[in-house]
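In the numbering used here, the protein residues as written are 40 to 344.
Just so you know, even glycine gets a beta-carbon here, dropped at the ideal spot from N, CA and C.
So the structure is just underneath, and the comments pick up after that.
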């Protein structure tokens, strides 16, 4: 938060937060809840080739996965949600990890598609031409990464791990049962990559991924309306694209905290909002995403035992 607020007065930020129309929290929380349902529907479609899992269980597993990432210092949410499905339906953890990889790839596809539309279509204020060019460059680099990931998924679906040199190395340096276990794990992981039982399921996966990006923009829109800020949905999708790129680059690769909040405040300020309002919106985003996770995550945690 220091990165986002070092040039602002916290007294002014608190005063700005007091001006927020609390009624707009209702659609914001509703959109967040809807996003978990959409995630569950996407995961169900991905898992169709290996089994039909109830949406209720998948939704609980997803919420508990995010909840675990909040309360623990290490990111183990993927393992927690996979374990819950494995426990109730007997699917392999490797298969479920493979389905998670598919989720991330489709998430990147949706981010690229929605981001490209937002960057090219949104009317930008004067002085933001350079920002548009930088985002287009990031999306261009992302397209290369995306193509590489898609190729890896296709390759993994069609390739067996029985490679001579690797097998010989494992046989010499690992206990006798390990090579067979690793080969079996790879085969089960590949099962998770065979996403979508039909073309309809594939369409559901893609539409759910795109819907999640649009929902992020709608959550920004609803919170901004609470401060009396009225921009187009495309503008909020543009803000979401920049904030996501800044968060991934800053937090995950550079270890800088507050890049998401700083980028939301910066871009909204370019669209005419005050920096205090922009930072307040970023703070409220954390609240509307975090509060349901803590409440529902706690309930599901005690329910699952």
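Going by beta carbons, residue 148 and residue 277 fall outside the 8 Å limit.
Apart from sequence neighbours up to five positions away, the residues of its chain that approach residue 101 with a beta-carbon distance below 8 Å are 75, 78, 79, 82 and 120, ordered along the chain. The Cβ-Cβ distance between residue 284 and residue 177 falls below 8 Å. Cβ atoms of residue 332 and residue 109 come within 8 Å of each other, at about 6 Å.
For the set 247, 255 and 54, the Cα lying nearest the Cα of residue 66 is the one of 255.
Contact between residue 244 and residue 152 is absent: CB atoms are separated by about 13 Å, not below the 8 Å threshold.
Taking the CA atoms as reference points, residue 71 sits about 10 Å from residue 257. Shortest Cα-Cα distance from residue 139 to any of 118, 128 and 129 involves 118.
Collapsing the DSSP output to three states places residue 172 in a helix.
Look at residue 332 here: in three-state DSSP terms it is helix. Pairing residue 266 with residue 57, the inter-Cα distance amounts to about 10 Å. Around the Cβ of residue 169, a 10 Å sphere holds fewer than 16 other Cβ atoms; the residue is exposed.
Each of 319, 269, 158 and 311 was checked against the Cα of residue 281, and the nearest Cα belongs to 158.
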